[in-house]
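Undergrad: Residue numbers (our numbering), protein chains in the order written: chain A, 15 to 241; chain B, 364 to 806.
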């Protein structure tokens with residue numbers, strides 16, 4: 015009879031041990047050291063209930079602009095597309111390092127459908143999840159720097175907008191890269207990279223030279239302080 | 364060809380003759396006839412070739428049996444009364460057709476919120492015939508659930524049945540053994556046999572002997588204390604560690620399908636990992652980049668492209684996509700947003716305590732660490748769980764073992780050169796660059 019008790023106790027222990035629940039978070043020693051007093055991204059607080067339904071991730075105040083943001087004033091419609099296609103050009107330099115960055119970003123965001131070579135044969139197309147993705151040298155679309163940017167910014171037909179995943183500058187880098195892919199598909203030689211003579215690479219061509227000048231002074235000063 | 368060759372022959376023989384003019388007229392008529400009477404004919408088209416063309420050109424916006432960005436195209440030939448000339452014009456350049464003031468074209472354009480259909484000037488009459496032949500393909504009937512299908516989709520159920528049968532057999536065995544024991548006892552009694560009684564010896568019980576031996580007591584107490592301390596330490600160390608934590612999420616999102624089978628880059632959705640402290644949970648517009656087109660999961664009929672497993676059926680996944688549509692306010696029927704959104708309350712899995720600072724962009728963009736180094740084989744996870752313990756020891760271990768990535772980073776070059784001279788090593792680890800300083804993570 016004693017044996018039966020032993021077996022029962024062992025069984026209960028095993029059941030308890032197997033009940034460790036992966037669906038619930040573990041205990042913490044001092045939760046007030048673990049949990050932030052400040053509002054963290056996505057955390058839920060009563061105070062936001064009326065605004066976002068509780069989430070601390072609120073939209074920025076209306077009209078606020080993030081640093082380095084430039085307005086894109088072409089409208090999101092057919093006329094805007096035609097305008098961008100005909101008139102808009104890439105205002106940024108296409109240096110070698112920026113082109114590498116553009117390639118990296120392209121492979122993250124675009125290559126999955128448009129293919130690493132821009133031939134419209136990305137993984138999702140090959141797996142027949144998303145269909146009808148054209149090659150960049152498609153004659154019916156005849157993409158230009160402006161139309162590429164416009165489509166990345168707003169999306170078109172079945173393609174969504176990528177403005178929430180990339181900054182304007184990053185989209186321009188991808189823009190350069192897409193044009194180079196198009197040239198490759200057309201069998202054309204890609205234009206040579208822009209070369210920046212300065213030690214500090216200027217990331218964005220600015221239309222106000224005096225501002226750029228000042229920026230250089232500042233960067234040189236801070237550079238000097240480090241040594 | 365023939366039309367062109369006739370006037371040349373005539374030109375030589377009958378200069379300025381009346382018949383020449385007539386034949387010339389006939390030639391002109393013949394040359395233009397190809398465009399006057401369109402050669403497009405769905406009946407003459409090859410549906411298989413059309414399928415490939417459809418997938419390559421039209422599939423971005425059209426499905427056969429379901430409205431997408433553009434209308435469902437099944438039976439489009441019948442819908443427009445086999446007006447092949449008009450269909451050809453529309454397919455090659457719908458904007459041109461609209462510009463001519465064609466009433467039918469304008470009404471379609473307006474019905475679809477003035478969404479421009481791309482021009483396809485490169486499609487030949489044969490191509491268009493093939494595509495139109497494909498659009499006449501009837502929807503394949505859903506495969507009848509034969510006996511094979513049941514076992515394929517109900518693997519979990521059959522496992523349970525097998526287990527319960529095993530349990531039942533074991534119970535029966537126990538019962539049979541008890542019965543046999545009883546009958547044997549009865550049999551013995553009937554035979555007058557005396558069963559050897561359990562030996563009740565007069566010896567000292569073993570526990571009493573144990574208590575009297577003080578040395579043995581001391582040793583076992585020490586042993587118990589040490590063992591207890593070991594287990595207590597182990598138990599206390601896992602408090603606050605959430606390794607293996609796999610909460611139930613409001614929408615069953617399968618990393619296995621997205622990051623594994625479809626090989627979507629992690630940073631496609633978690634784009635803020637590149638540039639910020641957080642690797643953000645993607646907002647639903649990013650889901651809709653693809654799920655605008657993908658309304659259902661490829662089921663078993665898709666063969667090797669199928670995403671379903673034994674435990675998760677197509678119906679299960681399709682329901683989850685519907686949850687996404689509901690949350691983001693997407694109306695599949697009209698292919699538009701209703702504006703009624705519902706935030707999805709994802710459950711956070713990886714959570715560092717507030718007293719530790721961690722920055723994703725430093726690790727992802729600067730150090731170039733693969734996401735899988737810390738998050739484990741995400742591309743195989745049907746249900747996301749915490750792979751790493753995320754303890755301080757774990758962080759420090761990696762900082763000690765990982766070399767700093769200096770290539771293409773002029774910011775590190777100089778300091779790397781000086782420090783590697785100081786330490787006399789070729790490659791610096793993150794720890795040697797100051798990756799163990801308290802203030803780096805705790806402040």
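Where a beta carbon is used, it is the ideal one built from N, C-alpha and C, also for glycine.
Is it buried or exposed for residue 546 of chain B, if we count other Cβ within 10 angstroms and need 16 for buried?
TA: Per the 10 Å Cβ criterion, exposed.
Undergrad: Is any beta-carbon of chain B found at less than 8 angstroms from that of residue 39 of chain A?
TA: yes
Undergrad: Measuring CA to CA, which of B:755, B:785, B:745, B:726 is closest to residue 767 of chain B?
TA: B:726
Undergrad: Which same chain residues end up closer than 7 angstroms to residue 797 of chain B when comparing Cβ atoms and leaving out the 5 residues on each side of it in sequence?
TA: 803
Undergrad: Checking 8 angstroms against the spacing of the C-beta atoms, do residue 189 of chain A and residue 167 of chain A come in under that value?
TA: No.
Undergrad: If I measure Cβ to Cβ from residue 720 of chain B and keep anything under 6 angstroms in the same chain, skipping five residues before and after, which residues do I get?
TA: For residue 720 of chain B, where only same-chain residues beyond five positions count, the Cβ hits under 6 angstroms are 804.
Undergrad: Is there a Cβ of chain A sitting closer than 8 angstroms to that of residue 646 of chain B, yes or no?
TA: yes
Undergrad: Mind listing, in chain order, the continuous alpha helix (DSSP H) runs of no fewer than 4 residues lying wholly within the segment 566-609 of chain B?
TA: 569-575, 577-600
Undergrad: Taking only beta-carbon positions, decide if residue 625 of chain B is within less than 8 angstroms of chain A.
TA: It does: the Cβ of residue 625 of chain B has a partner Cβ on chain A nearer than 8 angstroms.
Undergrad: Report the neighbours of residue 147 of chain A on chain B: residues whose CB is nearer than 8 angstroms to its CB, in chain order.
TA: 423
Undergrad: Just tell me which of B:474, B:492, B:427, B:430 has its CA closest to the CA of residue 452 of chain B.
TA: B:492
Undergrad: Mind checking who residue 173 of chain A pairs with in its DSSP beta bridge?
TA: A:170
Undergrad: Three or more C-beta pairs closer than 8 angstroms, one from the segment 50-59 of chain A and one from the segment 683-699 of chain B: is that the case here?
TA: The count of Cβ pairs closer than 8 angstroms, one atom from the segment 50-59 of chain A and one from the segment 683-699 of chain B, stays below three, leaving the stretches out of contact.
Undergrad: Using a beta-carbon distance below 8 angstroms, is residue 642 of chain B in contact with chain A?
TA: no
Undergrad: Would you kindly work out how many angstroms separate the C-alpha atoms of residue 140 of chain A and residue 623 of chain B, rounded to a whole number?
TA: Roughly 15 angstroms separates the two Cα atoms.
Undergrad: Please compile the residues from chain A whose C-beta is within a distance smaller than 8 angstroms of the C-beta of residue 748 of chain B.
TA: 36
Undergrad: Rounded to whole angstroms, what's the CA-CA distance from residue 47 of chain A to residue 772 of chain B? Just pull it up for me.
TA: A straight line joining the alpha-carbon of residue 47 of chain A with that of residue 772 of chain B spans about 36 angstroms.
Undergrad: Spell out a yes or no on whether the segment 131-140 of chain A and the segment 168-182 of chain A are touching, meaning 3 or more CB-CB pairs, one atom from each, closer than 8 angstroms.
TA: Too few Cβ pairs lie closer than 8 angstroms, so no.
Undergrad: Terminal residues of the continuous alpha helix (DSSP H) containing residue 735 of chain B?
TA: 734-738
Undergrad: Buried or exposed: residue 191 of chain A, going by 16 or more other Cβ atoms within 10 Å of its Cβ?
TA: buried
Undergrad: Tell me the DSSP secondary structure of residue 693 of chain B in three-state form.
TA: strand
Undergrad: By the 7 angstroms beta-carbon criterion, what residues does the segment 134-161 of chain A contribute toward chain B?
TA: Taking 7 angstroms as the Cβ-Cβ cut-off, the segment 134-161 of chain A approaches chain B at 137, 138, 141, 142, 143, 144, 145, 146, 147, 153, 154, 155, given in chain order.
Undergrad: In the structure shown, what three-state DSSP assignment does residue 95 of chain A receive?
TA: helix
Undergrad: Quick one: which chain B residues come within Cβ less than 8 angstroms of residue 43 of chain A?
TA: 602, 603
Undergrad: What are the start and end residues of the alpha helix (DSSP H) that includes residue 473 of chain B?
TA: For residue 473 of chain B, the enclosing alpha helix (DSSP H) stretches over residues 466-474.
Undergrad: Within its chain, find whatever has a CB closer than 7 angstroms to the CB of residue 789 of chain B; leave out the 5 residues flanking it on each side and keep chain order.
TA: 783
Undergrad: Taking the alpha helix (DSSP H) that residue 123 of chain A belongs to, which residues open and close that run?
TA: Taken as a continuous stretch (DSSP letters only), the alpha helix (DSSP H) holding residue 123 of chain A covers 110-123.
Undergrad: So is residue 67 of chain A in contact with chain B if we call contact Cβ pairs under 8 angstroms?
TA: yes
Undergrad: Checking contacts by CB at 8 angstroms: is residue 101 of chain A closer than that to chain B?
TA: no
Undergrad: Give every residue of the same chain whose Cβ lies closer than 6 angstroms to the Cβ of residue 787 of chain B, excluding the five residues on either side of it in the sequence, and list them in chain order.
TA: none
Undergrad: Taking a cut of 7 angstroms between CB atoms, which residues from the segment 467-485 of chain B lie near chain A?
TA: 477, 478, 479, 481, 482, 483, 484, 485
Undergrad: Taking residue 668 of chain B as the reference, which of B:572, B:660, B:445 has the closest Cα?
TA: B:660
Undergrad: Listing by chain order, which chain B residues have their CB less than 8 angstroms from the CB of residue 61 of chain A?
TA: In chain order: nothing, as chain B lies at least about 16 angstroms away.
Undergrad: When you compare only the Cα positions, how much space is there between residue 755 of chain B and residue 639 of chain B?
TA: 22 angstroms
Undergrad: Put residue 766 of chain B into one of helix, strand or coil per three-state DSSP.
TA: strand
Undergrad: Am I right that residue 151 of chain A and residue 200 of chain A are in contact with their C-beta atoms under 8 angstroms? What's the rounded C-beta distance?
TA: 5 angstroms
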